[in-house]
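The structure under discussion appears below in the form of structure tokens.
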Amino acid sequence: MNPFVRRSHLQISVLNQEEVLSSWKHKADAIVLDITDGAGLAARQQARELVRGSIAPASKGGGEVLVRISKEALFADVKAALWPGVKGIICPSLETAADVRELDEALLEAEKEHGIPRGSTEVLVLLDSGKGIWNVREIIAASSRLSTVGLEESSLYRHMEIMPDASFDPLVYAKGRIIVEAVAAKVHPIGVAHPYGIMPGFDNPQEIHRLALRGKNMGFKGAICLHPSWVEPCNRAYAPAADQIDYFKTVRATFAEAVARGTAATPYPGTTQMIDVPVDERARIMLELWEMVQSREADKASALSKAAE
Amino acid sequence: MAIREVRRAGLTMPINNPRFVNNSWLRNCDHITLDFEDSVPQSQKPYARIIAREAVGLAGQGGAAINIRINQGFIEADVTAASWPGLSSLSMGHTWSADEVRLMDQYITRIERIRGLRPGSITLGAACDSPVGTVQSEEIVQASPRVKNFGGGGGYDYSMQLGVDMFVGFDQFVYPRGEGALIARAFGKSFGISVHLPDTSGSVADAERSYLQAAANRKAGGRGGGGLHPNVVEPMIRGLTPPPEEVEQARQVLAFYNEQVEAKGEAEGELDGLTVDKYEAARASELIEWAQACAEMDGKKERARREAIARQEAAHTSPGQPTTA
Numbered sequence: 001m002n003p004f005v006r007r008s009h010l011q012i013s014v015l016n017q018e019e020v021l022s023s024w025k026h027k028a029d030a031i032v033l034d035i036t037d038g039a040g041l042a043a044r045q046q047a048r049e050l051v052r053g054s055i056a057p058a059s060k061g062g063g064e065v066l067v068r069i070s071k072e073a074l075f076a077d078v079k080a081a082l083w084p085g086v087k088g089i090i091c092p093s094l095e096t097a098a099d100v101r102e103l104d105e106a107l108l109e110a111e112k113e114h115g116i117p118r119g120s121t122e123v124l125v126l127l128d129s130g131k132g133i134w135n136v137r138e139i140i141a142a143s144s145r146l147s148t149v150g151l152e153e154s155s156l157y158r159h160m161e162i163m164p165d166a167s168f169d170p171l172v173y174a175k176g177r178i179i180v181e182a183v184a185a186k187v188h189p190i191g192v193a194h195p196y197g198i199m200p201g202f203d204n205p206q207e208i209h210r211l212a213l214r215g216k217n218m219g220f221k222g223a224i225c226l227h228p229s230w231v232e233p234c235n236r237a238y239a240p241a242a243d244q245i246d247y248f249k250t251v252r253a254t255f256a257e258a259v260a261r262g263t264a265a266t267p268y269p270g271t272t273q274m275i276d277v278p279v280d281e282r283a284r285i286m287l288e289l290w291e292m293v294q295s296r297e298a299d300k301a302s303a304l305s306k307a308a309e
Numbered sequence: 310m311a312i313r314e315v316r317r318a319g320l321t322m323p324i325n326n327p328r329f330v331n332n333s334w335l336r337n338c339d340h341i342t343l344d345f346e347d348s349v350p351q352s353q354k355p356y357a358r359i360i361a362r363e364a365v366g367l368a369g370q371g372g373a374a375i376n377i378r379i380n381q382g383f384i385e386a387d388v389t390a391a392s393w394p395g396l397s398s399l400s401m402g403h404t405w406s407a408d409e410v411r412l413m414d415q416y417i418t419r420i421e422r423i424r425g426l427r428p429g430s431i432t433l434g435a436a437c438d439s440p441v442g443t444v445q446s447e448e449i450v451q452a453s454p455r456v457k458n459f460g461g462g463g464g465y466d467y468s469m470q471l472g473v474d475m476f477v478g479f480d481q482f483v484y485p486r487g488e489g490a491l492i493a494r495a496f497g498k499s500f501g502i503s504v505h506l507p508d509t510s511g512s513v514a515d516a517e518r519s520y521l522q523a524a525a526n527r528k529a530g531g532r533g534g535g536g537l538h539p540n541v542v543e544p545m546i547r548g549l550t551p552p553p554e555e556v557e558q559a560r561q562v563l564a565f566y567n568e569q570v571e572a573k574g575e576a577e578g579e580l581d582g583l584t585v586d587k588y589e590a591a592r593a594s595e596l597i598e599w600a601q602a603c604a605e606m607d608g609k610k611e612r613a614r615r616e617a618i619a620r621q622e623a624a625h626t627s628p629g630q631p632t633t634a
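Residue numbers (this note's numbering), protein chains in the order written: chain R, 1 to 309; chain L, 310 to 634.
Take a look at the structure:
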């Protein structure tokens, strides 16, 4: 999959049309229309019916539109969710490659029915069982649509009979496993650092940013935002910081000078920190990511100004 | 428990830097890695291959085991250029697949035959320093019987691949290091254990931190270490060598177990508040063996250095510019 920037996935219930209509204003990289939020069959049916009309308002700010469905009602949900303008489907609870293939099949049917290019819809998987985490490699490999993998921590805690406790993270192994497997397969791992994956707070932007930044430094590339207050801190955390840019440029320049002198290991000016190929390569990647982020922000700003007219 | 070879402290250096290589044997390293790879620019790699044979001789004068780190993209050329008498091992940074390891093995086997080296004498180190390497590590570790050292799961390359900042003050590599350590143990290989100690400076020359890191690693089962700056060699050796009081205590534990527990048909006994059973006795035994191996390595290095200096004096050269061994 080609590199992409998707730091914030703002999740809102499609049943809450007031939120849907204002969702574009929050500058999220993606808006997740959740059709699984209501209780009972009637609410689910209503949610399915609301998806198509929610896509245009949700995307007004330049955010990509994703729809969250459930595995239990896979075919019906996909059929209701997939319309032109929907970039991808978020599906929790997949546990095997066969589950992914079933989703793939449902997507092929819906793409054909709704005139969407075959195979263009992304799949974002949220794992919520020990079996799913153990099988993450086969799940990721099961479809070229799969772009993103994360944990659905609240379900996972229930599945593993863990009592939430802010003082320690019982999912260190699970998070490490999905991050490493995802990055190895060039898929985005998403998540935040403990405890906001299981005990989220909404009114402290500094803490949201701190835990998102920690998540980024674990290897996550973005997060599901359960409230608009998460969007700005997540957009900031999952991108190179503005004050790192000069550092990366200095790394590149210093390393290039060293190579010209015949060595590929040299100290960063004024320190005993070492610059060699991986340090230079990381600086190159971060500067490229910075450019991609700037481009993404420019696209959203343009969409926002058009929507405001 | 089988005692591993003694490689408590090593330095990695670009093989094309004569200042580093000429003085490397005076640094008291247990092992030295001469780098063909990331610290050598592309334009210098052919030259690096040409000087490898002499560099192996120079660096090995102090009794250290000599390793050459080769390039993933030039396996045949690098193995051929590096495999000379005096070389202990070859390693490949960025080991991504079992096929790469098998290829190294094939070329080494051929070169050993051509150059009359003892078959199987050159061992391999695999560094799974990327998520792809971690995912492939179970196959990589089994790819060749030459694979002796197995590492990765952190550091500059892993951070670059994961897209994370380094030196952020928490352990970012619990999973890959845990996987690597378990797979290494499962297949009887050594693994570069590195306990997480918060580090926000990124300095490669911090002697005190190196000692604390090495001491913590030893308590977690680590026996090996390496670095980039001569400052860290002595602290790493000190941190990974059992101090005399621990060795003495281990001797007492072992004697107590042999004379007061096992000889009397008991499963366990108590010595100064410590429960001594067969596991505690085995731990004491391993510690004593490790301390002996460290002392033997220190003696070997001391003798090697004396002999090299004597050779230089005989040739009327200065210690900083040794003759080829």
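For every residue, glycine included, the Cβ atom is placed at its ideal position computed from N, Cα and C.
Boundaries for Thr342 (chain L): no alpha helix (DSSP H) harbours it, while the beta strand (DSSP E) harbouring it runs 340-344, taken from the DSSP string.
Under a criterion of Cβ atoms nearer than 9 Å, the residues of chain L adjacent to Gln273 (chain R) are, in order, Phe476, Ser510, Gly511, Ser512, Val513.
DSSP places Gly460 (chain L) inside the beta strand (DSSP E), whose first and last residues are 456-461. For Gln11 (chain R), DSSP records a beta bridge to R:Val32. Separation of Gln569 (chain L) and Ile597 (chain L) (C-alpha to C-alpha, rounded to the nearest whole angstrom) is 19 Å. Secondary structure at Asn526 (chain L): helix, using DSSP grouped into helix, strand and coil. The Cβ atoms of Ile179 (chain R) and Gly219 (chain R) sit closer than 7 Å to each other. In the DSSP annotation of this structure, the continuous segment of the alpha helix (DSSP H) that includes Ala182 (chain R) starts and ends at 172-184. The beta-carbon of Tyr416 (chain L) is placed no less than 7 Å from the nearest beta-carbon of chain R. Counting only the Cα atoms, Gly472 (chain L) lies some 13 Å from Phe248 (chain R).
Lys87 (chain R) carries a strand assignment under DSSP once its states are collapsed to helix, strand and coil. Taking C-beta separations shorter than 6 Å and ignoring five residues to either side along the sequence, the partners of Ser13 (chain R) in its chain run Asp34, Asp37, following chain order. For Leu226 (chain R), the CB contacts under 7 Å within the same chain, skipping 5 residues up- and downstream, are Gln11, Pro200 in chain order.
Considering only R:Gly270, R:Leu287, R:Ala256, the residue with the shortest C-alpha distance to Pro350 (chain L) is R:Ala256.
Secondary structure at Met469 (chain L): helix, using DSSP grouped into helix, strand and coil. When the alpha-carbon of Glu95 (chain R) is set against those of R:Ala76, R:Ile55, R:Glu152, the nearest one is in R:Glu152. Going by C-alpha positions, Ala529 (chain L) is about 48 Å away from Lys87 (chain R).
The secondary-structure analysis by DSSP pairs Met401 (chain L) across a beta bridge with L:Ile379, L:Ala435. Between the alpha carbons of Gly578 (chain L) and Pro267 (chain R) lies a gap of roughly 55 Å. Secondary structure in the stretch 46-83 of chain R: the beta strand (DSSP E) runs of 3 residues or longer, each lying completely within the stretch, are 64-68 in chain order. Shown here for Gly371 (chain L): same chain residues with a beta carbon closer than 8 Å to its own, the five before and five after excluded, namely Ser333, Trp334, Leu335, Arg336, Asn337, Cys338, Lys610, Ala613, Arg614, Ala617 in chain order.
Among the CB atoms of chain L, none fall inside 7 Å of the CB of Glu105 (chain R). Of the candidates R:Trp230, R:Ala43, R:Leu74, R:Gly130, the residue whose Cα lies closest to the Cα of Leu107 (chain R) is R:Leu74. Residues of the stretch 31-46 of chain R with a C-beta atom less than 7 Å from some C-beta of chain L do not occur. Residues of chain R with a Cβ closer than 8 Å to the Cβ of Asp339 (chain L) do not exist; the shortest Cβ-Cβ separation is about 21 Å. Note that the C-beta distance between Val504 (chain L) and Leu537 (chain L) is not below 7 Å. Along the stretch 368-387 of chain L, none of the residues has a CB nearer than 8 Å to a CB of chain R. For the options R:Ala56, R:Asp169, R:Ser143, the alpha carbon positioned closest to that of Ala98 (chain R) is the one of R:Ser143. The three-state secondary structure of Ala576 (chain L), taken from DSSP, is coil. Taking a C-beta cut-off of 8 Å against chain L, the contacting residues of the stretch 200-225 of chain R are Arg214, Lys216, Asn217, Met218, Gly219, Lys221, listed in chain order. A distance below 6 Å between beta-carbons, with the five flanking residues on each side excluded, links Thr550 (chain L) to the following residues of its chain, in chain order: Cys603.
The alpha carbon of Gln561 (chain L) has as its nearest neighbour, out of L:Ala593, L:Ala576, L:Ala390, the alpha carbon of L:Ala593. If you draw a 10 Å sphere on the C-beta of Glu622 (chain L), you find fewer than 16 other C-beta atoms in it, and that means exposed.
Rounded to the nearest angstrom, the gap between the Cα atoms of Asn235 (chain R) and Glu346 (chain L) is 36 Å. In this chain, the alpha helix (DSSP H) harbouring Ala307 (chain R) covers 277-308. With respect to chain R, the C-beta atom of Leu471 (chain L) has a partner C-beta closer than 7 Å.
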